[in-house]
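Undergrad: Going by UniProt numbering, the letters in the sequence shown line up with residues 1 to 304, in that order. Positions of the beta carbon are idealized from the N, C-alpha and C atoms, including for glycine. Please read through the structure below; I'll follow up with questions.
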Amino acid sequence: MAGKMDCFGLSHIGSKQSLNQDQFLIADLEKAMRIHSSSLGLDDHSRMFGNSQGKLLLVADGMGRDAAGDQASRIATESITRYVLNTMPWFLRLDEQSDDDLHDELVEALQRCEKRVEIDVQQHPEREGMGTTLTMAYLIWPRLYLVHAGNSRCYLFRQSKLKQITKDHSLAEELVFSGVLEVDEVPEIWENTLVNLIGGHDDSDLNPDVHKARLQIGDTLLLCTDGLTKYVSDFKISEILSQNASADETCTRLVNQAKDDGGSDNITVIVARFLDSGDQDVAISETIDTETGCSVEQTKTKTF
1 MAGKMDCFGL
11 SHIGSKQSLN
21 QDQFLIADLE
31 KAMRIHSSSL
41 GLDDHSRMFG
51 NSQGKLLLVA
61 DGMGRDAAGD
71 QASRIATESI
81 TRYVLNTMPW
91 FLRLDEQSDD
101 DLHDELVEAL
111 QRCEKRVEID
121 VQQHPEREGM
131 GTTLTMAYLI
141 WPRLYLVHAG
151 NSRCYLFRQS
161 KLKQITKDHS
171 LAEELVFSGV
181 LEVDEVPEIW
191 ENTLVNLIGG
201 HDDSDLNPDV
211 HKARLQIGDT
221 LLLCTDGLTK
231 YVSDFKISEI
241 LSQNASADET
251 CTRLVNQAKD
261 DGGSDNITVI
271 VARFLDSGDQ
281 DVAISETIDT
291 ETGCSVEQTK
301 TKTF
């Protein structure tokens, strides 16, 4: 069945922050080559592009003194983007037997991010302790692969039901999961105490989670930082996603809901809807509103 992905990303600084330390990325992976010379009459340095080989969605939430959190999330996002582009064999048509190899590649990608953050701290000791969450979705239709560290989240909305795919790597989650405390007994501060993230920790090893799923036409993916989930309940998120608005309108409604419910932290969301449709062109644009602190990236409809 032919389909299209309607995808949009939106980031807002929040009501009480002076700096947006979140990052997000929406990318389409395509094979390409540059022609230097040819007998075919093509212009020198012409580019030729193949079909889409995969899609990349990513959110990261930096933390650290002053602007260090912004640096951590930026370094991690740039590092993993370069790793996917230059090292991962994303241009190959993966089969089910390749899943184990891809699992290792995704873990390696986050470990590379960690190394880059550590190198930056060595060069800038004043950034000691900076770190970032990172949640990345790698799509090769209909397969979805997720790699994750921290408490940013990925949700799957299917047939009016919302499922959180990722697990929060927080002290609160660990205590509830182990049965030490009930959900309503956990101090709020422990929800923000992360036990697994890129950088920002002492001697504990980074231990990324990798998940996989098969997508269906009609599914919606939501990637978000905790600036959304601290203020907007899963019930309300489900209610907004069920309205079947476009991806850009859905992102706006989610961010506005977080702001209305007290959203003082940076708020970042990516919504991807997988729709039944014929071929359509893709257009990607990014703008930053200096007054609202909003960063926007849109993929208007991309066939798969």
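What is the C-beta distance between residue 309 and V232, in whole angstroms, given that I count them as a contact (C-beta under 8 Å)?
TA: It is not possible to answer for residue 309, since the shown part of the chain is limited to 1 through 304.
Undergrad: CA-CA distance, N266 and E173?
TA: Each residue's alpha carbon lies about 21 Å from the other.
Undergrad: To which residues of the same chain is S73 closer than 7 Å at the C-beta, ignoring the five residues directly before and after it?
TA: Answer for S73: Q21, D22, Q23, A60, D61, G62 and T132, listed in chain order.
Undergrad: Quick one, which of H36, I75, V269 and D28 has its alpha-carbon nearest R127's?
TA: Closest option to R127, Cα to Cα, is I75.
Undergrad: May I ask you to verify whether the region 242–260 touches the region 190–198, counting CB pairs closer than 8 Å and requiring at least 3?
TA: No, the region 242–260 does not touch the region 190–198.
Undergrad: Mind listing, in chain order, the continuous beta strand (DSSP E) runs of no fewer than 3 residues lying wholly within the region 154–196?
TA: Runs of the beta strand (DSSP E) inside the region 154–196: 161–164.
Undergrad: So what's A67 in DSSP terms, helix, strand or just coil?
TA: Coil at A67, not helix or strand.
Undergrad: In three-state terms, what does DSSP make of E78?
TA: In the structure shown, E78 sits in a helix (DSSP, three-state: H, G or I).
Undergrad: Please classify I189 as buried or exposed, where buried requires at least 16 neighbouring CB atoms within 10 angstroms.
TA: With fewer than 16 Cβ atoms within 10 Å of its Cβ, I189 is classed as exposed.
Undergrad: Which of helix, strand or coil does DSSP assign to G227?
TA: Helix, per DSSP.
Undergrad: Could you compute how far the alpha carbon of Q17 sits from the alpha carbon of L146?
TA: In a straight line, the C-alpha of Q17 is about 29 Å away from that of L146.
Undergrad: Can you give me the Cβ contacts of residue 374 inside the same chain, cut-off strictly under 7 Å, excluding the 5 residues immediately before and after it?
TA: The chain is shown only over 1 to 304; residue 374 falls outside these bounds and no answer can be derived.
Undergrad: Give the list of continuous beta strand (DSSP E) stretches no shorter than 3 residues that lie fully inside the region 109–143.
TA: Runs found: 134–140.
Undergrad: Can you tell me whether E105 is buried or exposed? The criterion is at least 16 other CB atoms within 10 Å of its CB, across all chains shown.
TA: By the 10 Å Cβ count, E105 comes out buried.
Undergrad: Three Cβ pairs or more, each shorter than 8 Å: is that satisfied between the region 109–116 and the region 161–168?
TA: These segments do not touch.
Undergrad: With DSSP as the reference, label Q257 as helix, strand or coil.
TA: In the structure shown, Q257 sits in a helix (DSSP, three-state: H, G or I).
Undergrad: Let me know if M136 comes out buried or exposed under the rule of 16 or more other beta-carbons within 10 Å of its beta-carbon.
TA: Under this definition M136 is a buried residue.
Undergrad: Quick check on the burial criterion: 16 or more other C-beta atoms within 10 angstroms. Buried or exposed for N86?
TA: Exposed, since its Cβ has fewer than 16 Cβ neighbours within 10 Å.
Undergrad: How long is the line joining the alpha carbons of N244 and G218, rounded to whole angstroms?
TA: The straight-line gap from Cα to Cα measures roughly 10 Å.
Undergrad: Look at the alpha carbon of D260 and the alpha carbon of K31, and state the distance between them as a whole number of angstroms.
TA: Taking the straight line joining both Cα atoms gives about 43 Å.
Undergrad: Within 10 Å of its beta-carbon, does K55 have 16 or more other beta-carbons around it, so buried, or fewer, so exposed?
TA: With 16 or more Cβ atoms within 10 Å of its Cβ, K55 is classed as buried.
Undergrad: Using CA coordinates, which residue listed in E239, D101, V117 and A68 is at the minimum distance from E78?
TA: When only C-alpha atoms are compared, the closest one is V117.
Undergrad: Is it right to say F157 is buried, meaning 16 or more other beta carbons lie within 10 angstroms of its own, or is it exposed?
TA: With 16 or more Cβ atoms within 10 Å of its Cβ, F157 is classed as buried.
Undergrad: With H, G and I counted as helix, E and B as strand and the rest as coil, what does DSSP make of K16?
TA: If DSSP states are grouped into helix, strand and coil, K16 belongs with coil.
Undergrad: Going by DSSP, what residues sit across from H148 in a beta bridge?
TA: H148 is bridged to T135 and D209.
Undergrad: Exposed or buried, what is G14 when buried is set at 16 or more other beta-carbons lying within 10 Å of its beta-carbon?
TA: G14 is buried by the Cβ-count criterion.
Undergrad: Which residues share a DSSP beta bridge with D276?
TA: Paired residues: G3.
Undergrad: What's the C-alpha gap between D99 and V84?
TA: In a straight line, the C-alpha of D99 is about 16 Å away from that of V84.
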